[in-house]
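Counting in our numbering, the sequence shown runs from -1 upward without gaps. C-beta: ideal position from N, C-alpha, C; glycine also.
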Amino acid sequence: MTKTTNQPKTGVLIVNLGTPDSPNTPDVRKYLREFLMDARVIDIPFMARFALVNFIIAPFRAPKSAKIYQKVWEERGSPLKFYSQDLEVLLQAALGDEYIVSMGMRYQSPSIEQALSKLKDKGLEQIIVVPLFPQYASATSGSVHEKVMQLIGQWQIIPDLKLVSSFFENPLFVEAFAELGRRYKAEYNYEHYLFTYHGLPERQIHKGDMSGGKCLTNGCCDTLHAKNKLCYRAQCFATSRFLAEKLGIAPENYTVSFQSRLGKDPWIQPYTEDVIHQLRDKNIKSVLAFSPSFVADCLETTIEVGEEYREVFEHRGGEHWRLVESLNVQPLWVETLKSIVFQYENKPVAAQPTI
């Protein structure tokens, strides 16, 4: 008797930002050029962007960035890349044979085009695209969506396409980060908690403003509502509230901030480095820092938050600074992605924690 197998019906494309192929200057320069030439990342006219990236940023920033990438590089390579590769394998095992899971990077390799080739011509009824960014931003999830639609638009047969915009409200995602935070809280009595997110130029927030000009005014992100629900900054503040509530942190004992500025234009505030100085002015000596806009450890978490901000804090007399690692391949993170896939298929999802 012939054993039959289920024909996969759903493709799941998970996409992370990307990383250089090596920590050497030429590969870092190549990565920076592809990344920063994206019109959704540096949203200025093409010729100005071309000149800025190719004649200023890439030539002068690449050697400095290469030295930093060398610090984060491990035997398996870039943590962001190998954690994403491991996640692909784990999510495939969690979902089973009815699915095909494929991982790509928005910039460099494996590219989105390479990842989609694994799903093409497989007779799939639908593809669910999950950018691995908890909060929506045009420069991250929006860029992934645009690239996927551009590539799939060239296919002869186009399956149903479902684009995940954000998942910061997913209870399992919140619980996954909270689970990590509890371990550190159990080890030390921290005076303050910092939720630091990747920053964006203010102009990008204003471009998506649906509030009638009230965006980025005092208190505009204190609650999530119909007019700001798609705003990156508002989603970051909401993520922080969810996590603080899960961890039992009072509002006065945590701060939300934004890091990784580039250029002289104003970026969304408060800036993380300014917040660190303010905490020391208040004689705060111990801080537990979270980076809930990143799901895999990378240069911005391990080096920027884990080392550079710790040095700033300690230079001002701080005594204890600790970074909560990213979700990486945490089992609950895998379950989070599984629940997102089921949600977009309208399948029943196992009971989840509340937020």
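Of all alpha-carbon atoms in Val26, Leu78, Ala46, Asp19, the one lying nearest the alpha-carbon of Cys296 is that of Leu78. Relative to Thr138, the option among Val162, Val322, Gln328, Lys120 whose CA is nearest is Val162. When rounded, the separation of the alpha-carbon atoms in Trp331 and Tyr195 is 19 Å. With a 10 Å radius around the Cβ and a threshold of 16 neighbouring Cβ atoms, Gln257 comes out buried. Its chain contains Val332, Lys336 as the residues whose beta carbon lies nearer than 6 Å to that of Ala92, once the 5 sequence neighbours on both sides are disregarded; these appear in chain order.
One thing to note: Ser63 has its Cβ within 8 Å of the Cβ of Leu30. Comparing alpha carbon positions, the residue from Leu260, Trp319, Leu192 closest to Val51 is Leu260.
By the C-beta density criterion, Phe53 is exposed, having fewer than 16 other C-beta atoms within 10 angstroms. Boundaries of the beta strand (DSSP E) around Ser100: 97 to 105. Residue burial is scored here from C-beta neighbours: Phe165 has at least 16 other C-beta atoms within 10 angstroms and is therefore classed as buried. CA-to-CA, the gap between Lys160 and Phe33 works out to about 24 Å.
Looking at the backbone, the Cα of Thr253 and that of Pro129 are separated by about 26 Å.
Counting C-beta atoms within 10 angstroms of its own C-beta, Glu309 has fewer than 16 neighbours from the protein chains shown and is therefore classed as exposed. Between Leu114 and Leu149, the C-beta gap is smaller than 8 Å, which places the two residues in contact.
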